Amino acid sequence: MDSTTTLKCPITGCTWSYESIFGAEQSFQLINIHVNNEQRLHNRTLQCLLENPPTIDAGVDSETWRAFTIRWKQYCKGSQLSEDMQSLKLFQCTSESLGNLLLQSNPHITDSSPDELMQAIEKLAVIPNAKVVVRAELMKMCQGSDESIRTFSAKVQGKAHTCGLAVNFNQN
Numbered sequence: 001m002d003s004t005t006t007l008k009c010p011i012t013g014c015t016w017s018y019e020s021i022f023g024a025e026q027s028f029q030l031i032n033i034h035v036n037n038e039q040r041l042h043n044r045t046l047q048c049l050l051e052n053p054p055t056i057d058a059g060v061d062s063e064t065w066r067a068f069t070i071r072w073k074q075y076c077k078g079s080q081l082s083e084d085m086q087s088l089k090l091f092q093c094t095s096e097s098l099g100n101l102l103l104q105s106n107p108h109i110t111d112s113s114p115d116e117l118m119q120a121i122e123k124l125a126v127i128p129n130a131k132v133v134v135r136a137e138l139m140k141m142c143q144g145s146d147e148s149i150r151t152f153s154a155k156v157q158g159k160a161h162t163c164g165l166a167v168n169f170n171q172n
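Each residue of the sequence shown is one higher than the last, beginning at 1 in the numbering used here.
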């Protein structure tokens, strides 16, 4: 009767396993094939992330800013950049005109922490709107005839978040 050995991936966090009836040499080859495929996939994903960071320009509204900050957090999490590299990469996410404004306001801005740089970018990029204006826009929103309910709902939820509106649900 053949005995089986459970092969497990040596990559931290990978749950791949295989019940092998092969000898040590063939089992080792199977693990190598799996590890090489995982590494290639990880490298492609990381390369895609590094090549496509989110971008921001001057003159955006608070909803666009909120979307940028969410994308930036995802980018940082996926790319696993150090804090020093985050500041440099965050500066590169700005348009040329916004980057020039940042440098005019502080020539050493790229030496700042990512949080300080994010605040400086927000200050120069976002055109503040009074909440009353945004709430009026929310109240005037209506679904277009060719717009799906999900699309309209997402727009309404984004606008409501910008207004600072939230639903408190109590299960009592």
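Where a beta carbon is used, it is the ideal one built from N, C-alpha and C, also for glycine. None of these values were measured; they are calculated from a predicted model.
DSSP state of residue i mapped onto helix, strand, coil
{"i": "residue 7", "result": "strand"}
{"i": "residue 167", "result": "coil"}
{"i": "residue 16", "result": "coil"}
{"i": "residue 127", "result": "coil"}
{"i": "residue 21", "result": "coil"}
{"i": "residue 114", "result": "helix"}
{"i": "residue 161", "result": "helix"}
{"i": "residue 78", "result": "helix"}
{"i": "residue 108", "result": "coil"}
{"i": "residue 137", "result": "helix"}
{"i": "residue 83", "result": "helix"}
{"i": "residue 62", "result": "helix"}
{"i": "residue 38", "result": "helix"}
{"i": "residue 147", "result": "coil"}
{"i": "residue 1", "result": "Its pLDDT being 46, under 50, residue 1 is placed unreliably in this model, and the coordinates cannot settle the point."}
Backbone CA spacing between residue i and residue j [nearest angstrom]
{"i": "residue 80", "j": "residue 145", "result": "43 angstroms"}
{"i": "residue 152", "j": "residue 88", "result": "36 angstroms"}
{"i": "residue 147", "j": "residue 59", "result": "27 angstroms"}
{"i": "residue 31", "j": "residue 3", "result": "18 angstroms"}
{"i": "residue 1", "j": "residue 12", "result": "With a pLDDT of 46 at residue 1, under the threshold of 50, the modelled position of that residue is not reliable, and the figure given next carries that caveat. Cα to Cα, the separation comes out at about 33 angstroms."}
{"i": "residue 109", "j": "residue 122", "result": "13 angstroms"}
{"i": "residue 132", "j": "residue 168", "result": "21 angstroms"}
{"i": "residue 126", "j": "residue 9", "result": "47 angstroms"}
{"i": "residue 119", "j": "residue 69", "result": "11 angstroms"}
{"i": "residue 52", "j": "residue 72", "result": "11 angstroms"}
{"i": "residue 156", "j": "residue 34", "result": "45 angstroms"}
{"i": "residue 160", "j": "residue 166", "result": "7 angstroms"}
{"i": "residue 158", "j": "residue 170", "result": "22 angstroms"}
Per DSSP, cross-strand counterpart(s) of residue i
{"i": "residue 94", "result": "56"}
Cβ-Cβ separation, residue j to residue i (assumed contact under 8 angstroms), whole Å
{"i": "residue 124", "j": "residue 112", "result": "No, residue 124 and residue 112 are not in contact; Cβ-Cβ is about 13 angstroms, not under 8 angstroms."}
{"i": "residue 134", "j": "residue 162", "result": "5 angstroms"}
{"i": "residue 137", "j": "residue 114", "result": "Not a contact, Cβ separation roughly 31 angstroms."}
{"i": "residue 27", "j": "residue 5", "result": "6 angstroms"}
{"i": "residue 76", "j": "residue 92", "result": "About 13 angstroms; that fails the 8 angstroms criterion."}
Chain C contact for residue i (CB, 8 angstroms cutoff)
{"i": "residue 35", "result": "Of the chains in the structure shown, none is chain C; there is only one protein chain."}
At least three beta-carbon pairs within less than 8 angstroms, the stretch 51–64 to the stretch 23–42: no
Would you be able to state if there are at least three C-beta pairs under 8 angstroms between the stretch 133–145 and the stretch 91–101? no
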